[in-house]
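Trainee: In mature numbering (1 follows the signal peptide of the UniProt record, and there is no 0), the protein residues as written are -24 to -1, 1 to 239. Even for Gly, the Cβ is constructed at its ideal location relative to N, Cα and C.
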């Protein structure tokens, strides 16, 4: 009887080992190795907030958090509570706007957002900082002051990266609601409508979105569809762990390196 129990126990450990390895191969973000305290903190945050299940890639999240931390150091952020990420690697019929609570390490809102009419149809493939291009611009923005315009309550955006999005004000790139961003429009057409370059959102969600991010929070527009040169915001700052300790509930601590798939 004891021999049978022992064999069953061995089988249980074997299945557990196979399950963990299969989970790691399929679900752990596909970067080479996480071996610094700073990167482990970011991975821990990503895991706790369950962002992978909502479709936000680890690469997009890490790039967004890295820029957010650098902008904290530069004193560019007034609303430090939230980070919003728009993932233009995803098609417009997916919920690709993520508003993340930095302090509580959780996702506040995940919803639809449109891209520019000249950036593409279902996917945004082209990006521009040029006046009248009617294309979306990538990079880091500051979500600044609200105003009431022809679409109703809207939010002005300041581009924070020279030659990438710094002409956002000049181009009148703002966050505003639009009738062509809705579940019904997507059901009928297969994609959202497109803007003149603005990140347009639904009337259903626009007030909630604006209330979350107004007053100087960071908005990051990401894609993996174009090559991007490194910038001053691309490298984790040396005081990353101190910043996490100040602004997030993720407590800095030493943990073992996490090895992930090279696929």
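Which one or two residues does DSSP pair with residue 122 in a beta bridge?
Mentor: Counted from its first residue, the chain shown places residue 122 at position 146. Answer is 131, bridged to residue 122.
Trainee: Beta-carbon within less than 6 Å of residue 101's beta-carbon, same chain only, minus the 5 sequence neighbours each way: which residues are those?
Mentor: Locating residue 101 in the chain shown gives position 125, where the first residue counts as 1. Same-chain partners within the cutoff: 201.
Trainee: Just the Cα atoms here: how many angstroms apart are residue 21 and residue 108?
Mentor: Reading the chain shown from its first residue, position 45 is the one you call residue 21. Reading the chain shown from its first residue, position 132 is the one you call residue 108. The straight-line gap separating the alpha-carbon atoms of residue 21 and residue 108 is approximately 39 Å.
Trainee: Measuring alpha carbon to alpha carbon, tell me which residue in 168, 211, 120, 138 is nearest residue 191.
Mentor: Sequence index remark: in the chain shown, residue 191 carries index 215 (1-based). If we check each option's Cα against that of residue 191, 120 comes out closest.
Trainee: If you compare alpha carbons, which of 36, 87, 49 is closest to residue 218?
Mentor: The count along the chain shown starts at 1 and reaches residue 218 at position 242. Distance from the Cα of residue 218 is smallest, within the candidate group 36, 87, 49, for 49.
Trainee: When DSSP labels each residue in this structure, what does residue 107 get in the three-state scheme?
Mentor: Translated into positions along the chain shown, residue 107 becomes position 131. Residue 107: coil per DSSP, three-state reduction.
Trainee: Measure the beta-carbon distance from residue 255 to residue 59 and round it to whole angstroms, keeping in mind my assumption that it falls under 8 Å.
Mentor: The chain is shown from -24 up to 239; residue 255 falls before or after that span and cannot be answered.
Trainee: Verify whether the separation of the beta carbon atoms of residue 224 and residue 78 is less than 7 Å.
Mentor: Here residue 224 corresponds to residue number 248 of the chain shown, with the count starting at 1. Here residue 78 corresponds to residue number 102 of the chain shown, with the count starting at 1. Their beta carbons are under 7 Å apart, which means residue 224 touches residue 78 by this criterion.
Trainee: Can you check whether the CB of residue 55 is closer than 7 Å to the CB of residue 193?
Mentor: The count along the chain shown starts at 1 and reaches residue 193 at position 217. The count along the chain shown starts at 1 and reaches residue 55 at position 79. Yes.
Trainee: Note the first and the last residue of the continuous beta strand (DSSP E) segment covering residue 200.
Mentor: Along the chain shown, read from residue 1 onward, the residue named residue 200 stands at position 224. First-last for residue 200: undefined, no H or E at that position.
Trainee: Helix, strand or coil for residue -4, going by three-state DSSP, please let me know.
Mentor: Indexing the chain shown from 1 puts residue -4 at position 21. Since pLDDT at residue -4 reaches only 46, below the 50 mark, its modelled position is unreliable, and the value read off the structure follows with that caveat. Correct three-state label for residue -4: helix.
Trainee: Need the endpoints of the beta strand (DSSP E) that residue 86 sits in, please.
Mentor: Indexing the chain shown from 1 puts residue 86 at position 110. 82 to 87 is the span of the beta strand (DSSP E), which, as asked, contains residue 86.
Trainee: Residue 125: buried (16+ other C-beta within 10 angstroms of its C-beta) or exposed?
Mentor: Along the chain shown, read from residue 1 onward, the residue named residue 125 stands at position 149. Per the 10 Å Cβ criterion, exposed.
Trainee: Among 85, 114, 184, 167, which has the Cα closest to the Cα of residue 68?
Mentor: Locating residue 68 in the chain shown gives position 92, where the first residue counts as 1. Closest by alpha carbon: 167.
Trainee: Residue 151 by DSSP, collapsed to three states: which one?
Mentor: To locate residue 151, count along the chain shown from 1; it is residue 175. Residue 151: strand per DSSP, three-state reduction.
Trainee: So, under 8 Å CB-CB, residue 198 and residue 39 are touching, yes? Tell me the CB distance rounded to an integer number of Å.
Mentor: What you label residue 198 is simply residue 222 of the chain shown in a count that begins at 1. What you label residue 39 is simply residue 63 of the chain shown in a count that begins at 1. Yes, they are in contact, since the Cβ atoms of residue 198 and residue 39 sit about 6 Å apart, within 8 Å.
Trainee: Taking 6 Å as the limit between beta carbons, can you name the residues of its chain near residue 195, skipping five residues before and five after?
Mentor: Reading the chain shown from its first residue, position 219 is the one you call residue 195. Around residue 195: 60, 117, 119.
Trainee: Taking DSSP's pairing of strands, which residues face residue 177 in a bridge?
Mentor: For this step, residue 177 is matched to residue 201 along the chain shown. DSSP, once it has assigned bridges, lists 153 as partnering residue 177.
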